[in-house]
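Residues 472 to 1247 in the numbering used here are what the sequence shown lists, from first letter to last.
One structure is given here, and the rest of the page talks about it.
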Amino acid sequence: MHETLQMKQKLPFILLIAAGLLIVFSFYGRALLQPNSMMFASSGDGLKNYFTYSYHITHDSSAVSFEGMNYPYGENIMYTDCHPAFALLFRSLSGPFPFIAGYSVGMLNFLMILSIFLTFIVVYLLLAEFGINRWIGLVFSIGITLLAPQIFRLGGHLALSYSMAIPLSWLLIVKSLKKPDRFSLYFLILLNNTFWFFIHAYQGMIVTFFLLMVLVVCILSERDKLKKIRYKLSLLASLAIPVVLFLLFIRLTDTHTGRTDNPSGFFQYVAEADDIFVPNHPPLRPLLDSLTGNGIRQQWEAWSYVGLTSTLLILILILSAVFRMVKRKTTYIDRFFVSRIMNASLIAALVVLLFAMAVPFRQFPALVDVVPFMKQFRALGRFTWPFFFVLTAFSAFVADKIYETAQRRTGRIAAIGFILIAGLLNIVEAIPYHREMKWTINQSPNLFQRENLNKPLYSAIGMVNPAEYQAIISLPFFYQGSESYSRPQNDETVRSSIVISYHTGLPLVCANLTRTSIQESKNIVQIVTPDYYKKTIEPDLPDSRPFLVIRTGDPLTACEELLFRKCKPVFQGKDVSLYRLDKKSLFSNSSAEVMAEFMQKRGSFITKDRFSLSDSSFVYYDSFEQKQSEHPFRGKGGFRSEKKNKNVLAEFAPGTFKSGKKYMASAWMYNGLPDALNLYFRFIIEEYDESADSWESTTCFPDQSETINGDWSLVEGELEVRNPGNRIYIVTIGTRDAKGPLFIDDLLIREAAVDVYYQDDNDKTLFYNNHQIQVR
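This is the structure in structure tokens:
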């Protein structure tokens, strides 16, 4: 009989294991059985994260430095989303077991899918820890796991996809609060939190913030706050030490200086109530869209839909709480709040949720400057995840109490029916999540397996002898990192570059990273600066070997064309071609050639407003010499204002510009101050139609400027009027809370097809389309 009783107690867990395996294999069977044959994403952050992880295992010479991008500087592994814990482990194992490097993608895929299965178990054990009936725990643990919002991270932010992180961490602190004398639990919490920090910094911070709030609320709720103080301090230490270890590791291993302390995004990716309580997928979302006329706008970063069951529960509890306050007497809902730890978890999760909603920072933006560390969180919406797990677990807790207190047989039957409906609703709402992700992760083969490549890429790689080159330069040139200096990225160019880099072991000069050194990014972007200007990266490139240039079919900018002309063909393919760029050619200076061309044509030029040009086409130039500026580019004057809000640099009456003509507007902007030209600062050409009272605009981002000359960036934009009768404005716009001054000089507008020259004999420079070329 005893064995039969034990079997009955174990049966829900056995059924959970069976259901978990069935569900995982139904949706992700191929990823489990053939993990090395596929990539869950082949573009954007997903491909980049596979690359930083696999390149580190296969090619990097340093354990703590990623060398595959941002050449010649590389990057600290903690800033690359490379799953540092796994990357370091598999890199060390690939020495004695070389085959591991070839299976790096497969091992990561397997671990991410395994995490889904483990989440079923962890959530079940968590619910059991709260004393929830095991059969109720069975139903709800399946629904909670399937609804977990991190599933969508499989398509890109791979290191954030581990849905077991929060419930596992919560389970450990619940156990430690119930059994404070078990110091082994504190050690497990320490190891657990440290592990998640070394999977992804956000995972570690979300877990730590939530657990800390649970501990704080528990302490504040106790009458004798000094009772068992030794245990509380031990638990606090187990939460603090992983943070210290994480920061200390970065401090000791990071050799890069000058990272931004003011990244963008703090107020951009915040959560709203609809991200929590409004569905984002069928079956209910299409119905809501039809009722609202597609008026619902949710923040993808903050998706943490808790399901209809939990949403209705919250509404009922709020109404009951109001009734309780009005009548001033106990109600049926009081029995749902008998667990001190569950209550503390609810309050803690609510505090973290408010942070995800940028409360109180949204209401008082100045607080962000008072606590500048907060700016490092550029995707606050992710902090909604603890609230998801706590509220859905609380729903299971409520269901358990309803069943416990049900009277008579009919009451028990009704309670069971309610529990089944509530639990199954979660499952039904979650199924579309996994159908979508099943399709998403099966779209791309493993591009780090050479046999999976298309013929052009396969052939291109076969033509490369890595020993002949020092690094790869991609054209079109892309760079994402510091935010202060960047270049747009094109999926095909990034994909081809990453694939060729992985298979050859050659690092990329270009980068798709986060928070790189500002000076490093400035040096690297300056590679595509016209060669009339000194490239500050040259001393950092002692290697004399040439660069391998990857050229995809996407159009090049004028600056990229100048660089491309210096390249020699190596391989011509349909989608991708390879070229050789000698280091000497990269740093050669063509000022003499530009000057010689000017002198040769000078005799045929006409003079207009001191400029020499081929015909009497339109030219507008403002040197701002009559204005005071601490930082002039040419001369002694310049435009000075505040970066925030709108600044009008020039205004043109109707009839100034002709239809069908293309014009180039350019201006020099000072980049020598922190965040001088970034954080959504824009250079805009506006066209105002007075009769229709409408505006059209062409926007350029100064932080994407290709021409960098010391502390100045030349910002250029193309202008083609829609109606010559409209009024034209040249303006800059910064955000309302942008800080610091703005310095601009030399605004030039010319016809795009006409070159404009001016030779200044005083400072021995040639003005060429607003460029400043030193005459030798």
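Idealized CB from N, CA, C, for every residue including glycine.
Give the straight-line distance between the Cα atoms of Ser692 and Phe680, rounded to the nearest whole angstrom. 18 Å
Pull up the DSSP beta-bridge partners for Lys1039, would you. Arg1051
Can the beta-carbon of Ala1251 be found less than 8 Å from the beta-carbon of Asp1217? Because residue 1251 is not part of the residues shown, which for the chain are 472 to 1247, the question remains open.
Any idea if Arg879 is buried or exposed, counting beta-carbon neighbours within 10 angstroms, 16 or more meaning buried? exposed
DSSP on Arg694, reduced to helix/strand/coil? coil
Enumerate, from N- to C-terminal direction, the unbroken alpha helix (DSSP H) stretches of 4 or more residues contained entirely within the segment 909-967. 926-933
Given a threshold of 16 other Cβ atoms within 10 Å of its Cβ, counted over all protein chains shown, does Leu682 qualify as buried or as exposed? buried
Judging by CA-CA distance, which residue of Val1246, Leu1219, Asp1231 and Asn1233 is the nearest neighbour of Asn1240? Leu1219
Whole-angstrom Cβ separation of Phe561 and Ile528, contact assumed at under 8 Å? 5 Å
Cβ shell of Asn814 (< 7 Å), same chain only, five flanking positions each side left out: Phe808
Leu1248 and Tyr950 closer than 8 Å at C-beta: A query on residue 1248 cannot be resolved here, the shown segment of the chain reaching from 472 to 1247 and no further.
May I ask you to report which of helix, strand or coil DSSP gives Glu907? helix
Going by the CB atoms, is the gap between Ser634 and Phe575 shorter than 8 Å? Going by the sequence as given, residue 575 is Ser instead of Phe. No, the Cβ-Cβ distance between Ser575 and Ser634 is not below 8 Å.
Met845 - DSSP class collapsed to helix/strand/coil: helix
Do Asp1025 and Glu1068 have their CB atoms nearer than 8 Å? no
Between the segment 713-729 and the segment 891-904, can you find at least three pairs of beta-carbon atoms closer than 8 Å? no
Once you ignore the five residues that flank Thr1236 on each side, which residues in its own chain have a CB closer than 7 Å to its CB? Gln1243, Ile1244, Gln1245 and Val1246
Would you mind reading off the limits of the alpha helix (DSSP H) that contains Thr731? Segment: none, Thr731 is in no alpha helix (DSSP H) and carries neither H nor E.
Suppose you measure from the CA of Asn913 to the CA of Met509; what does that come to, to the nearest Å? 7 Å
What three-state label does DSSP hand Lys646 in the structure shown? helix
Of the residues Phe537, Asn994 and Asp871, which one's Cα is nearest the Cα of Cys553? Phe537
Cβ neighbours of Thr1178 in the same chain (closer than 8 Å, five flanking residues each side left out): Thr1000, Pro1001, Tyr1004, Cys1030, Ser1184, Leu1185, Glu1187 and His1242
Nearest candidate by alpha-carbon position, reference Ser945, set Tyr526, Tyr803, Leu1034 and Leu596: Leu1034
Minimum C-alpha distance to Ile494 - residue among His905, Tyr929, Cys981 and Leu790: His905
Applying the criterion that 16 or more other CB atoms from any shown protein chain within 10 Å of the CB defines a buried residue, is Leu851 buried or exposed? buried
Which same chain residues, not among the five before or five after Pro754, have their C-beta less than 8 Å away from its C-beta? Val899, Glu900 and Pro903
Could you check which residue in Ile804, Val861, Leu618 and Phe1238 has the C-alpha nearest to that of Ser1062? Phe1238
Between which two residues does the alpha helix (DSSP H) containing Trp1062 stretch? A small correction: the amino acid at residue 1062 is Ser; Trp does not occupy that position in the sequence shown. Here the alpha helix (DSSP H) through Ser1062 covers Ser1062 to Lys1072.
Report buried or exposed for Leu853, applying the criterion of at least 16 other Cβ atoms within 10 angstroms of its Cβ. A quick correction: the sequence has Arg, not Leu, at residue 853. Label assigned to Arg853: buried.
If you measure between the beta carbons of Gly539 and Pro978, is that distance less than 8 Å? yes
In this structure, does DSSP put Ala837 in helix, strand or coil? coil
Bridge partners for Glu1187 per DSSP, in chain order? Ser1137
In whole angstroms, what separates the C-alpha of Arg1022 from that of Ser640? 47 Å
Residue ranges of each alpha helix (DSSP H) run of no fewer than 4 residues wholly in the segment 600-682, ordered along the chain? 605-618, 636-649 and 654-668
Report all residues from its chain with a CB closer than 7 Å to the CB of Gly1205; omit the five preceding and five following residues, and keep chain order. Lys1114, Lys1115, Asn1116 and Phe1152
Between which residues of its own chain and His530 is the CB-CB distance below 6 Å, once the five residues before and five after are set aside? Gly976
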